[in-house]
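Each residue of the sequence shown is one higher than the one before, counting from 19 in my numbering.
C-beta atoms are modelled at their ideal positions from N, C-alpha and C, and glycine is treated no differently.
All figures in this text were calculated on a predicted structure; none of them were measured in a lab.
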Amino acid sequence: MSQVDSSSALWRKSTRSGSNGYCVEVARLSRDDIGVRDSKDTAGPALVFTSSEWAAFVADVKHGRLGAISS
Numbered sequence: 019m020s021q022v023d024s025s026s027a028l029w030r031k032s033t034r035s036g037s038n039g040y041c042v043e044v045a046r047l048s049r050d051d052i053g054v055r056d057s058k059d060t061a062g063p064a065l066v067f068t069s070s071e072w073a074a075f076v077a078d079v080k081h082g083r084l085g086a087i088s089s
């Protein structure tokens, strides 16, 4: 597994995120890498996706192709 330096990344979370702390943050780590991390553990690990993987995920969310999420 490769390591990606995310120390200078601009991490963002949804404007719809509440103050309960249950949020994920997203950042462009490089031209080809997108990082996703837990907002409660900013020093912890991040999942890293290629730009094309991330674009496919976002498109699937927008078009409702992931199905219902149960708690």
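Nonlocal neighbours in the same chain, by C-beta distance under 6 Å from residue i, ignoring five residues either side
i	result
Val42	Val54
Phe67	Ile52
Residue i versus the options, residue with shortest Cα-Cα distance
i	options	result
Ile52	Thr60, Asp59, Ala64	Ala64
Asn38	Lys80, Asp56, Leu47	Asp56
Ser35	Lys58, Leu84, Thr68, Ala86	Lys58
Lys31	Tyr40, Val44, Ser25	Val44
Spatial distance of residue i from residue j (CA atoms)
i	j	result
Ala73	Leu28	18 Å
Arg46	Asp23	11 Å
Ser69	Asp50	5 Å
Ser25	Asp78	29 Å
His81	Thr33	20 Å
Arg83	Ala61	32 Å
Which full runs of the beta strand (DSSP E) of 3+ residues lie inside the region 20-70, going along the chain?
Counting whole runs of 3 or more residues, the region 20-70 contains the beta strand (DSSP E) stretches 42-46, 51-56, 65-68.
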